[in-house]
């Protein structure tokens, strides 16, 4: 009997700890979100979307930063996603049993886990240093390097989920391999592929470190890809560390905007995968 | 597909059509293979450019670069010891907090939580894992660091003051920013990763196994301890390693609150620096080849550290899989 109650007590102790851990962890995470909304919403106004980043001590908006972020993210994904998808296709379809696929898979894992700031250094060495100046295109390229491994991984995983019988059915009709992949593989895995791209967008849209010394920052309106370009994360970094109240407020508002965008994309991605899982 | 079928017999012979397919087939295959090779080249490029960029440093300082603490841009003396130390210490403290709490959350979600709350909490945690790290950084700077400075750090200093060794670990004025603050923020940031991955792998345990254990009278804790954790060991280690990699390479969450001081202090409350924070803070302002090169060398070291962690994780997983295979 005493053994039994000792076990019961032990169970209660550990389960109590587990509940406490859950409460503790969720408390901090929700606290961060609550503070972010509270501080961010108070600075939301039309001016944020219509005016440029202000000089110290003045009111202003984040328009150039928002546009810069959009341009670099879209370009980065436009460069990185097709590359990742094609390479992922090779791993899942052609190279399943080849040595090269094994190597690429391992290398991709390394790239996936490479700290984003290292990617920034790489792009600085390869593009910024030879060009002699910071530029939006360098920022876009840095983001593209981050997109490739994410998309590659999801593409491979999703194509691997496509049943082989589907491919065989296509082949039995006389379809060449490339058509089987494009018309059957891609179509069956479409939701998954889109999810991969969305996840990649969500990942890079908040990236700051690789932009700091590739696209740098720009106080003014600029859509010139050959010149330094502003981006939301870089502006947040600069403004948050400044002593000016207006800048700090804009930093919070910018942080809220990024978070909302990332959350929206993650939710859409999740809804897409949930729908295919239901089918 | 329909287009091809309708058009082919009228205009082309069977052989021509087959040749056309073969050509486009080959092209697509080459294209995908080219993309795969490009990924290899990309990594090669990263490594080569980092090594090339850091050559001047190793020519000047040799291996002393790893063992010196001095970081003086004015006299051009650079050593990587302080950032390496900061990176390792902050990551280890962060993991020491995040792993138990994350596992606790995962156990709570899979065993204890009411079914109706499981999905919402699980989804919330996964969404939190996707939030950009700069958000954690800005929160740490404006909210968490002042809170620690006013309420927690004085208490720590007072509490550990009389205890011999710990008094040195929690010594000094409460700055608010410092190694401890950075570690705590890293822990909060890594938490969603560890818990959502652990939850996923806990969910893979066949219900039959758990039910059998419950059936012979095990308590929930005994089921977790003796069935769930042994069954999912490999996955949990994978999740922990992923979290560790995030913590090691994390830049923005740390840069805001670590204080960027190039010295190794015995006190966790003192400002310090990490590799990524040093690069983020100083790279654009670095003048002179040696300064820039030192920062790139730091990047190379960071890359190497994360690579070693990845390789260790892979090796461990392989060993475990082999064992369970027997």
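Chains as they are written, first to last, in the working numbering: chain A, 40 to 318; chain B, -8 to 317.
Think of the CB as a built atom: it goes at the ideal place given N, C-alpha and C, for glycine as much as any other residue.
Since the structure is predicted, the reported quantities are computational estimates derived from the model, not experimental observations.
Please report the straight-line C-alpha distance between residue 271 of chain A and residue 243 of chain A, rounded to a whole angstrom. Answer to the nearest angstrom: the Cα atoms are 12 Å apart.
Taking only the alpha-carbon atoms, compute the straight-line gap between residue -8 of chain B and residue 217 of chain A and give it to the nearest angstrom. Note on residue -8 of chain B: pLDDT 47, under 50, position unreliable in the model; no value is reported.
Take the Cβ of residue 257 of chain B as the centre, count every other Cβ of all protein chains shown within 10 Å, and call the residue buried at 16 or more, exposed below. It counts as exposed.
Which value, in whole angstroms, describes the spacing of the CA atoms of residue 36 of chain B and residue 161 of chain A? Those two C-alpha atoms are separated by around 8 Å.
Is any beta-carbon of chain B found at less than 8 Å from that of residue 229 of chain A? No, its Cβ sits nowhere closer than 8 Å to a Cβ of chain B.
C-alpha gap between residue 124 of chain B and residue 237 of chain B, whole angstroms: Rounded to whole angstroms, residue 124 of chain B to residue 237 of chain B spans 10 Å at the Cα level.
Throw me the rounded Cβ distance for the residue 297 of chain B and residue 248 of chain A pair, which I believe falls under 8 Å. Not a contact, Cβ separation roughly 14 Å.
I'd like to know whether the C-beta atoms of residue 119 of chain A and residue 165 of chain A end up nearer to each other than 8 Å. Not a contact, by the Cβ cut-off of 8 Å.
Starting from the Cα of residue 60 of chain B, find the closest Cα among B:51, B:47, B:50 and B:74 and give me that residue. The closest CA to that of residue 60 of chain B, considering only B:51, B:47, B:50 and B:74, is found on B:74.
For residue 257 of chain A, which of helix, strand or coil comes out of DSSP? The answer is coil: DSSP assigns residue 257 of chain A none of H, G, I, E or B.
Assuming contact is defined by CB atoms lying nearer than 8 Å, are residue 78 of chain B and residue 239 of chain B in contact in what I supplied? Yes, they are a contact pair.
Taking the Cβ atom as the reference point for each residue, do residue 318 of chain B and residue 267 of chain B lie within a distance shorter than 8 Å? Any question about residue 318 of chain B goes unanswered here, given that chain B covers just -8 to 317.
Check whether the Cβ atoms of residue 294 of chain B and residue 41 of chain B sit closer than 8 Å, and answer yes or no. At the C-beta level, residue 294 of chain B and residue 41 of chain B come within 8 Å of one another.
For residue 132 of chain A, which residues of its own chain have a beta-carbon under 8 Å away from its beta-carbon, when the five flanking residues on both sides are left out? Take residue 132 of chain A, set aside five residues on each side of it, and the residues of its chain with a beta-carbon closer than 8 Å to its own are 198, 216, 220 and 224, in chain order.
Local conformation of residue 201 of chain B per DSSP, three classes: The answer is helix: DSSP assigns residue 201 of chain B an H, G or I state.
Under 8 Å Cβ to Cβ from residue 224 of chain B, same chain only, skipping five residues before and after it: list those, please. Taken in chain order, the residues that qualify are 311.
Going by C-alpha to C-alpha distance, which of A:294, A:136, A:174 and A:56 sits closest to residue 334 of chain A? This structure does not reach residue 334 of chain A, given that chain A is present from 40 up to 318, and the question cannot be answered.
With which residues is residue 321 of chain B paired in a DSSP beta bridge? This structure gives no information on residue 321 of chain B, because the portion of chain B shown stretches from -8 to 317.
Which value, in whole angstroms, describes the spacing of the CA atoms of residue 286 of chain A and residue 76 of chain A? Rounded to whole angstroms, residue 286 of chain A to residue 76 of chain A spans 17 Å at the Cα level.
Quick one: grab the DSSP three-state call for residue 173 of chain A. Of the three classes helix, strand and coil, the one that applies to residue 173 of chain A here is coil, per DSSP.
Where the region 53 to 68 of chain A meets chain B: residues whose CB sits under 8 Å from a CB there: If the cut-off is 8 Å between Cβ atoms, the region 53 to 68 of chain A has 53, 54, 56, 57, 58, 59, 60, 61, 63, 64, 65, 67 and 68 near chain B.
Would you tell me roughly how many angstroms separate the C-alpha atoms of residue 102 of chain A and residue 312 of chain A, rounded to the nearest one? Separation of residue 102 of chain A and residue 312 of chain A (C-alpha to C-alpha, rounded to the nearest whole angstrom) is 33 Å.
Would you call residue 179 of chain A buried or exposed, if buried means 16 or more other Cβ atoms sit within 10 Å of its Cβ? Burial call: buried.
is_contact[residue 219 of chain B, chain A] using C-beta, thresh 8 Å: Not a single C-beta of chain A is nearer than 8 Å to the C-beta of residue 219 of chain B.
Can you list, in chain order, the residues of its chain with a C-beta nearer than 7 Å to that of residue 190 of chain A? Leave out the 5 residues immediately preceding and following it. The answer, listed in chain order, is 119, 120, 123, 124, 127, 235, 236 and 239.
In chain order, what residues of the same chain have a beta carbon less than 6 Å from the beta carbon of residue 84 of chain B, not counting five sequence neighbours either side? Only residues of its own chain outside the window of five on either side were considered, and among them 174 have a CB closer than 6 Å to the CB of residue 84 of chain B, listed in chain order.
Please return the same chain residues whose Cβ sits closer than 7 Å to the Cβ of residue 299 of chain A, not counting the five positions on each side in sequence. Cβ neighbours of residue 299 of chain A beyond the five flanking positions: none.
State the Cα-Cα distance for the pair residue 47 of chain B and residue 278 of chain B, rounded to the nearest angstrom. Rounded to the nearest whole angstrom, the CA to CA distance from residue 47 of chain B to residue 278 of chain B is 14 Å.
Restricting to Cα atoms, I'd like to know which of A:304, A:49, A:307 and A:289 is closest to residue 85 of chain A. Among A:304, A:49, A:307 and A:289, the Cα nearest to that of residue 85 of chain A is on A:289.
Excluding five sequence neighbours on each side, which residues of the same chain lie with their C-beta closer than 7 Å to the C-beta of residue 101 of chain B? Taken in chain order, the residues that qualify are 190, 193 and 194.
Are the C-beta atoms of residue 217 of chain A and some chain B residue less than 8 Å apart? Contact of residue 217 of chain A with chain B is assigned, a C-beta pair being separated by under 8 Å.
Residues in the region 182 to 200 of chain B with C-beta within 9 Å of chain A's C-beta atoms, listed in sequence order? Those residues of the region 182 to 200 of chain B that come within reach of chain A (Cβ to Cβ, closer than 9 Å) are 182, 183 and 186.
Sufficient close CB pairs (3 or more, under 8 Å) joining the region 245 to 265 of chain A to the region 42 to 62 of chain A: They do not touch, by the three-pair rule.
Spatially closest choice to residue 275 of chain A from A:71, A:105 and A:172, by CA coordinates: Measuring from the Cα of residue 275 of chain A, the nearest candidate turns out to be A:105.
Is it the case that the Cβ atoms of residue 56 of chain B and residue 69 of chain B are separated by a distance below 8 Å? In this structure, residue 69 of chain B lies closer than 8 Å to residue 56 of chain B by Cβ.
Buried versus exposed, by CB contacts within 10 Å (16 or more), residue 10 of chain B: Its Cβ having fewer than 16 others within 10 Å, residue 10 of chain B is exposed.
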